[in-house]
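Numbering (this note's numbering), first residue to last: -9 to 138.
Spelled out as structure tokens, the structure:
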């Protein structure tokens, strides 16, 4: 990643497994309200369109993210300078707050957690057709675990 910037942000809502809406604190009392944040380097299955299996996997990923990013929670966004995705969203790695009574943020990102849990695949701008088979491998993994 290029030069990195860190911003605290308040979670407004989870859109799907790889997109959230946040109020981004830029410092000096400047808040960018309700900005769309796209998780950098990871793609999750869509919750609409596609096969029933892929939608189910997408909903599983969304639920995973919702459980970790409750509305009103504070996260740390790690972004690259002036980088936005092809749909104008801020691209970021998201660090979750540490547990109750602990200061700071977790080192492991939500992005990596999704990959580790077989809920997302590595993504660097390729087409959906190029990564569909990786999503289908994740479907089979979760089916074998009884999650789908």
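No residue lacks a Cβ here, since even glycine has one placed at the ideal position from N, Cα and C.
None of these values were measured; they are calculated from a predicted model.
Where residue i and residue j are concerned, what is the direct C-alpha to C-alpha distance, given to the nearest angstrom?
i           : j           : result
residue 130 : residue 21  : 42 Å
residue 109 : residue 16  : 30 Å
residue 41  : residue 93  : 42 Å
residue 26  : residue 107 : 24 Å
residue 30  : residue 68  : 9 Å
residue 128 : residue 36  : 13 Å
residue 23  : residue 46  : 31 Å
residue 115 : residue 97  : 25 Å
residue 0   : residue 63  : 6 Å
residue 86  : residue 9   : 15 Å
residue 117 : residue 91  : 42 Å
residue 14  : residue -4  : 10 Å
residue 56  : residue 33  : 16 Å
residue -2  : residue 39  : 33 Å
residue 134 : residue 28  : 29 Å
Measure the CB-CB distance between residue i and residue j and report whether it falls below 8 Å.
i           : j           : result
residue 59  : residue 137 : no
residue 65  : residue 84  : yes
residue 104 : residue 7   : yes
residue 124 : residue 111 : yes
Taking the DSSP output, what are the residues bridged to residue i?
i          : result
residue 35 : DSSP, once it has assigned bridges, lists no residue as partnering residue 35.
residue 14 : -1, 22
residue 28 : 9, 81
residue -6 : 70
residue 4  : 10
Secondary structure at residue i, three-state DSSP: helix, strand or coil?
i           : result
residue 138 : coil
**Study point:** Ordered list of beta strand (DSSP E) runs contained in the stretch 42 to 123, each at least 3 residues
**Key:** 64 to 74, 80 to 87, 95 to 99, 110 to 112
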